[in-house]
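J.:
Number of protein chains: 6
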Amino acid sequence: MSGGDEAERVRAFTAFRKRMNERILAEPNQVVRRFFALDTQAYQPGALDARTKELLGLVASLVLRCDDCIAYHVAQCREAGVGRDEMFEAFSVGLVVGGSIVIPHLRRAVDFLDQLEQGEAASPAVHDHG
Amino acid sequence: MSGGDEAERVRAFTAFRKRMNERILAEPNQVVRRFFALDTQAYQPGALDARTKELLGLVASLVLRCDDCIAYHVAQCREAGVGRDEMFEAFSVGLVVGGSIVIPHLRRAVDFLDQLEQGEAASPAVHDHG
Amino acid sequence: MSGGDEAERVRAFTAFRKRMNERILAEPNQVVRRFFALDTQAYQPGALDARTKELLGLVASLVLRCDDCIAYHVAQCREAGVGRDEMFEAFSVGLVVGGSIVIPHLRRAVDFLDQLEQGEAASPAVHDHG
Amino acid sequence: MSGGDEAERVRAFTAFRKRMNERILAEPNQVVRRFFALDTQAYQPGALDARTKELLGLVASLVLRCDDCIAYHVAQCREAGVGRDEMFEAFSVGLVVGGSIVIPHLRRAVDFLDQLEQGEAASPAVHDHG
Amino acid sequence: MSGGDEAERVRAFTAFRKRMNERILAEPNQVVRRFFALDTQAYQPGALDARTKELLGLVASLVLRCDDCIAYHVAQCREAGVGRDEMFEAFSVGLVVGGSIVIPHLRRAVDFLDQLEQGEAASPAVHDHG
Amino acid sequence: MSGGDEAERVRAFTAFRKRMNERILAEPNQVVRRFFALDTQAYQPGALDARTKELLGLVASLVLRCDDCIAYHVAQCREAGVGRDEMFEAFSVGLVVGGSIVIPHLRRAVDFLDQLEQGEAASPAVHDHG
Numbered sequence: 002m003s004g005g006d007e008a009e010r011v012r013a014f015t016a017f018r019k020r021m022n023e024r025i026l027a028e029p030n031q032v033v034r035r036f037f038a039l040d041t042q043a044y045q046p047g048a049l050d051a052r053t054k055e056l057l058g059l060v061a062s063l064v065l066r067c068d069d070c071i072a073y074h075v076a077q078c079r080e081a082g083v084g085r086d087e088m089f090e091a092f093s094v095g096l097v098v099g100g101s102i103v104i105p106h107l108r109r110a111v112d113f114l115d116q117l118e119q120g121e122a123a124s125p126a127v128h129d130h131g
Numbered sequence: 002m003s004g005g006d007e008a009e010r011v012r013a014f015t016a017f018r019k020r021m022n023e024r025i026l027a028e029p030n031q032v033v034r035r036f037f038a039l040d041t042q043a044y045q046p047g048a049l050d051a052r053t054k055e056l057l058g059l060v061a062s063l064v065l066r067c068d069d070c071i072a073y074h075v076a077q078c079r080e081a082g083v084g085r086d087e088m089f090e091a092f093s094v095g096l097v098v099g100g101s102i103v104i105p106h107l108r109r110a111v112d113f114l115d116q117l118e119q120g121e122a123a124s125p126a127v128h129d130h131g
Numbered sequence: 002m003s004g005g006d007e008a009e010r011v012r013a014f015t016a017f018r019k020r021m022n023e024r025i026l027a028e029p030n031q032v033v034r035r036f037f038a039l040d041t042q043a044y045q046p047g048a049l050d051a052r053t054k055e056l057l058g059l060v061a062s063l064v065l066r067c068d069d070c071i072a073y074h075v076a077q078c079r080e081a082g083v084g085r086d087e088m089f090e091a092f093s094v095g096l097v098v099g100g101s102i103v104i105p106h107l108r109r110a111v112d113f114l115d116q117l118e119q120g121e122a123a124s125p126a127v128h129d130h131g
Numbered sequence: 002m003s004g005g006d007e008a009e010r011v012r013a014f015t016a017f018r019k020r021m022n023e024r025i026l027a028e029p030n031q032v033v034r035r036f037f038a039l040d041t042q043a044y045q046p047g048a049l050d051a052r053t054k055e056l057l058g059l060v061a062s063l064v065l066r067c068d069d070c071i072a073y074h075v076a077q078c079r080e081a082g083v084g085r086d087e088m089f090e091a092f093s094v095g096l097v098v099g100g101s102i103v104i105p106h107l108r109r110a111v112d113f114l115d116q117l118e119q120g121e122a123a124s125p126a127v128h129d130h131g
Numbered sequence: 002m003s004g005g006d007e008a009e010r011v012r013a014f015t016a017f018r019k020r021m022n023e024r025i026l027a028e029p030n031q032v033v034r035r036f037f038a039l040d041t042q043a044y045q046p047g048a049l050d051a052r053t054k055e056l057l058g059l060v061a062s063l064v065l066r067c068d069d070c071i072a073y074h075v076a077q078c079r080e081a082g083v084g085r086d087e088m089f090e091a092f093s094v095g096l097v098v099g100g101s102i103v104i105p106h107l108r109r110a111v112d113f114l115d116q117l118e119q120g121e122a123a124s125p126a127v128h129d130h131g
Numbered sequence: 002m003s004g005g006d007e008a009e010r011v012r013a014f015t016a017f018r019k020r021m022n023e024r025i026l027a028e029p030n031q032v033v034r035r036f037f038a039l040d041t042q043a044y045q046p047g048a049l050d051a052r053t054k055e056l057l058g059l060v061a062s063l064v065l066r067c068d069d070c071i072a073y074h075v076a077q078c079r080e081a082g083v084g085r086d087e088m089f090e091a092f093s094v095g096l097v098v099g100g101s102i103v104i105p106h107l108r109r110a111v112d113f114l115d116q117l118e119q120g121e122a123a124s125p126a127v128h129d130h131g
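Chains as they are written, first to last, in our numbering: chain A, 2 to 131; chain B, 2 to 131; chain C, 2 to 131; chain D, 2 to 131; chain E, 2 to 131; chain F, 2 to 131.
1) Would you please verify whether the beta carbon of A61 (chain B) is less than 9 Å from any beta carbon of chain C?
2) Near R34 (chain A), which residues of its chain fall below 7 Å by C-beta distance, leaving aside the five closest residues on each side in sequence?
3) Only counting the same chain, and skipping five residues up and downstream in sequence, which positions put a Cβ closer than 6 Å to that of A72 (chain C)?
4) Are there three or more Cβ pairs, one per stretch, closer than 8 Å when the region 84–103 of chain F is compared with the region 60–80 of chain B?
5) Using a Cβ cut-off of 9 Å (strictly closer), state whether I102 (chain F) contacts chain A.
6) Starting from V94 (chain C), trace the alpha helix (DSSP H) in both directions and tell me its first and last residue.
7) With H, G and I counted as helix, E and B as strand and the rest as coil, what does DSSP make of D50 (chain D)?
8) Does the contact criterion of 3 or more C-beta pairs under 8 Å hold for the region 49–66 of chain C versus the region 18–32 of chain B?
9) Got a sec, what are the start and stop residues for the alpha helix (DSSP H) C67 (chain F) sits in?
10) With DSSP as the reference, label Y44 (chain D) as helix, strand or coil.
11) Between E:E9, E:P105, E:E87, E:R108, which has its C-alpha nearest D50 (chain A)'s C-alpha?
12) What is the rounded straight-line gap between the Cα of G47 (chain D) and the Cα of R85 (chain D)?
13) Specify the secondary structure class of H128 (chain A) as computed by DSSP and reduced to three states.
14) Is G82 (chain C) a contact residue of the ligand MN, with contact defined as CB to any heavy atom under 8 Å?
15) Are the C-beta of R12 (chain B) and some C-beta of chain D separated by less than 9 Å?
16) Is there a C-beta anywhere in chain C that falls below 9 Å from the one on D115 (chain E)?
17) Buried or exposed: E90 (chain D), going by 16 or more other Cβ atoms within 10 Å of its Cβ?
18) Name, please, each residue of chain D whose Cβ falls closer than 8 Å to the Cβ of D40 (chain E).
19) Identify the contact partners of V33 (chain E) in chain H, using a Cβ-Cβ distance below 7 Å as the criterion.
20) Check each candidate in A:L96, A:L117, A:Q31 and name the one with the smallest Cα separation from Q77 (chain A).
21) Which chain D residues sit within Cβ distance under 7 Å of F37 (chain B)?
22) Using 9 Å as the threshold, is the C-beta distance between V83 (chain F) and R52 (chain F) below it?
23) Check whether chain D comes within 9 Å of L56 (chain E), counting only Cβ atoms and requiring the distance to be less than that.
24) What is the rounded straight-line gap between the Cα of R18 (chain D) and the Cα of E9 (chain E)?
25) S3 (chain D) CB to nearest chain C CB: under 9 Å?
26) Report yes or no: is there a C-beta of chain F within less than 9 Å of the C-beta of V127 (chain C)?
27) Put P105 (chain D) into one of helix, strand or coil per three-state DSSP.
28) Pull up the distance between the alpha-carbon of A81 (chain E) and that of R109 (chain F), whole angstroms please.
29) Mark A43 (chain E) as exposed unless 16 or more other C-beta atoms lie within 10 angstroms of its C-beta, in which case mark it buried.
30) Have a look at E:F36, E:L107, E:V111, E:T41 and flag the residue whose alpha-carbon is nearest the alpha-carbon of L63 (chain E).
31) If you draw a straight line from the C-alpha of D40 (chain C) to the C-alpha of V75 (chain A), how long is it?
32) Taking Cβ positions only, does Y73 (chain A) come closer than 9 Å to chain E?
33) For chain B, find out if any of its Cβ atoms is closer than 9 Å to the Cβ of A27 (chain D); answer yes or no.
34) Around the C-beta of A61 (chain B), are 16 or more other C-beta atoms found within 10 angstroms, so that it is buried, or is it exposed?
35) Taking the straight line between their C-alpha atoms, what separation do you get for L96 (chain A) and F36 (chain E)?
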């Protein structure tokens with residue numbers, strides 16, 4: 002996997018996510034639509050700032066082992082100003098709580114973070130449901 | 002991802018599933034073979050009809066977040082006459098019970114359902130263990 | 002565990018659930034309150050009837066192995082007119098999808114169902130979030 | 002919790018398990034009954050001996066975090082001649098794979114093992130579905 | 002369940018945890034002992050402060066649905082100065098990510114937090130592995 | 002998917018795993034590095050031999066449904082001399098404990114095992130955190 006292929010994969014994934022979110026929200030199912038709205042609202046700054054909430058979302062995604070959610074929150078954390086050393090401390094909590102089964106997801110998370118830091122992957126511009 | 006690529010991906014997956022099920026059932030391991038038989042039997046109509054049972058399989062697959070199982074039961078539900086609005090209500094129960102971690106799987110489920118409705122993806126003709 | 006103790010345990014659990022739901026909904030956290038409202042809305046009859054939705058909630062709870070949620074949906078299914086044979090078919094789907102790890106929860110589910118059928122346990126009168 | 006109370010708790014649990022298994026197997030649901038039979042068959046000695054299979058069941062139960070299943074397989078391992086140091090090595094694999102979320106279950110597993118070794122808890126005499 | 006009984010239950014649980022941790026660490030299994038040490042180390046302040054790390058541990062425990070781990074991190078968060086409104090925002094992220102299956106654990110978490118705030122439950126004085 | 006493509010996919014995955022493990026271990030995060038060391042240590046022969054421990058890792062990976070971890074332990078089991086019939090008995094325990102949701106992972110595990118047996122896929126030469 003060269004960096005170029007990886008960046009292409011990220012772009013394809015982001016486009017797929019955007020397209021499917023639009024499809025889903027166009028559906029006349031109020032429970033699903035309200036859930037998506039609630040998912041956005043949960044990360045708005047309040048008593049806890051956005052940065053802390055994104056870190057919470059990241060660790061939750063890590064221990065539940067969802068690659069798409071992890072990538073989404075890694076990008077959101079980065080936009081919120083979370084540094085690489087802070088990101089790795091969050092990873093370490095997720096790894097200890099969730100165990101070695103988390104490792105393959107950690108590898109992909111670090112690869113994604115590397116891509117973001119190299120500017121080869123565009124981070125999603127709007128919250129679109131990890 | 003164009004529709005054609007997606008349809009090709011579905012065909013490749015269906016062929017892989019068929020080939021591997023045959024490999025597995027050819028193995029002289031009685032527990033595995035009996036498990037596969039039981040998996041088929043569980044969805045046979047009885048006190049509950051096949052349609053309800055496929056919906057149960059769909060929601061179980063959704064909250065356990067298995068894409069292959071979700072795709073399988075979406076196809077089975079469709080063959081059993083479950084409409085798109087009913088499918089989305091089942092999705093909404095799975096989403097509320099399982100949380101936002103289900104969303105990436107929901108996106109792929111809706112994409113798969115779209116493919117089926119457009120006739121671009123052939124639904125599997127026999128029950129072959131989701 | 003005599004039947005009397007069990008009935009007492011069910012009453013204590015129902016009272017605890019009611020009290021804590023009130024505590025939680027009294028809290029000024031809009032995301033949590035909206036989530037609870039959405040949880041109620043998800044089981045309202047629509048394209049699928051209430052009975053089917055409660056069965057979906059039951060199987061989702063079974064494969065995710067949450068005793069409180071299972072007991073709640075067993076009671077709701079019963080109120081919606083789901084018979085014992087239908088309940089067991091839903092159990093069988095949950096058991097096959099979720100595996101033997103589900104068995105201890107199945108034992109407690111059947112015990113709870115027995116209590117309900119013997120009228121020794123009062124089913125909760127309102128939807129109060131599994 | 003004194004040792005005596007703990008032994009009583011184990012006896013109550015064993016009696017409950019036995020009673021509910023009989024209830025469940027008396028039900029005219031063939032899928033559930035076949036599943037229980039398959040669960041017994043899976044641990045019969047074959048290419049792998051019973052002792053190895055019980056260790057596999059133990060670690061699977063540990064990472065899936067089911068106390069009843071863990072207790073059951075700890076007792077079965079002990080009957081199959083698995084020593085305390087071997088048991089702890091199996092625990093250590095489960096702990097590393099499953100993470101710190103396994104720790105509360107490990108505490109209860111070790112407490113249960115201590116009870117068994119002190120002869121204060123009777124191990125179940127027949128395979129009755131963990 | 003009166004408050005007094007609950008406080009007693011918390012004391013019994015804390016004593017059990019302490020006793021079993023000592024039992025486990027006395028065992029000559031280096032992997033298990035190193036894992037426990039690593040579990041303590043993961044929450045030490047570094048690039049992220051202790052308070053943020055405890056919140057991460059709390060949300061991870063919530064979505065993985067482990068009552069003992071949740072109670073432990075609620076107590077640790079409280080000692081680290083996390084306020085009730087902040088705690089509820091962390092709960093709300095866990096609830097949205099993990100779904101309604103988290104609700105029974107949320108009820109017990111809020112009950113435990115209430116106890117702590119009423120001073121009826123002593124928070125554990127040392128990190129002893131959630 | 003022809004055999005050649007599959008072998009290529011395995012090589013790409015092995016290279017990715019190796020590259021990312023090096024990236025992760027180069028990071029100045031002691032908790033993550035110690036976790037990786039512990040993950041290696043857990044499978045060293047002790048009271049249980051390496052072969053039994055790899056089988057434990059395999060079944061744990063199967064019920065937790067992590068394809069990368071399953072593939073890794075299948076390869077390690079093979080190197081430790083585990084035969085195909087023994088591997089299938091381990092699979093059968095994982096299938097019964099974990100349920101039909103395990104089946105898609107079992108298909109990929111058997112496909113991977115077939116590749117290994119045909120010598121079309123190189124097994125990883127060093128333990129690098131499955």
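Backbone N, C-alpha and C fix where the C-beta goes; we use that ideal spot for every residue, glycine too.
Quick caveat: nothing in here was measured; it's all calculated off a predicted structure.
T.: This is what the structure holds:
1) At least one chain C Cβ lies under 9 Å of A61 (chain B).
2) Once the five neighbours on either side are set aside, the close Cβ partners of R34 (chain A) are L26.
3) Correct list, in chain order: F113.
4) Contact holds between the region 84–103 of chain F and the region 60–80 of chain B, because three or more Cβ pairs, one in each stretch, are under 8 Å apart.
5) No, I102 (chain F) lies away from the interface with chain A (no Cβ there is under 9 Å from its Cβ).
6) Segment 85–99, the alpha helix (DSSP H) holding V94 (chain C).
7) Three-state DSSP puts D50 (chain D) in coil, outside helix and strand.
8) Flag = no, the region 49–66 of chain C and the region 18–32 of chain B do not touch.
9) Element bounds for C67 (chain F): n/a, residue is neither H nor E.
10) Coil at Y44 (chain D), not helix or strand.
11) Checking every option, the nearest Cα to that of D50 (chain A) belongs to E:E87.
12) Put simply, the backbone Cα of G47 (chain D) is about 24 Å away from that of R85 (chain D).
13) At H128 (chain A), the pLDDT of 45 sits below 50, so the modelled position is not reliable and the matter cannot be decided from this model.
14) No copy of the ligand MN appears in this structure; indeed no ligand is present at all.
15) Under the Cβ distance rule, R12 (chain B) does not count among the residues neighbouring chain D, no pair being separated by less than 9 Å.
16) It does: the Cβ of D115 (chain E) has a partner Cβ on chain C nearer than 9 Å.
17) Classification for E90 (chain D): buried.
18) Neighbours of D40 (chain E) on chain D, chain order: S101, I104.
19) Judged by its chain identifiers, the structure shown contains no chain H, and its protein chains are A, B, C, D, E and F.
20) Checked all of A:L96, A:L117, A:Q31; the closest Cα to Q77 (chain A) is A:L117.
21) Those do not exist, as F37 (chain B) stays about 11 Å from chain D at its closest Cβ, beyond 7 Å.
22) Remark: C-beta atoms of V83 (chain F) and R52 (chain F) approach each other more closely than 9 Å.
23) L56 (chain E) does not count as touching chain D.
24) Our two residues, R18 (chain D) and E9 (chain E), have alpha carbons roughly 28 Å apart in a direct line.
25) With a pLDDT of only 43 at S3 (chain D), under the threshold of 50, the placement of this residue in the model should not be trusted, and no figure is reported.
26) In this prediction, V127 (chain C) has a pLDDT of 42, which is less than 50 and means its spatial position is unreliable; nothing more can be read from the coordinates.
27) Helix.
28) When rounded, the distance between both Cα atoms is 46 Å.
29) Taking a 10 Å sphere around the C-beta of A43 (chain E), we find 16 or more other C-beta atoms and assign the residue as buried.
30) Taking the Cα of L63 (chain E) as reference, the smallest distance to any Cα among E:F36, E:L107, E:V111, E:T41 is reached at E:L107.
31) Cα to Cα, D40 (chain C) sits roughly 29 Å from V75 (chain A).
32) No, because no Cβ of chain E sits closer than 9 Å to the Cβ of Y73 (chain A).
33) Not one chain B Cβ lies under 9 Å of A27 (chain D).
34) So A61 (chain B) counts as buried.
35) C-alpha of L96 (chain A) to C-alpha of F36 (chain E): approximately 12 Å in a straight line.
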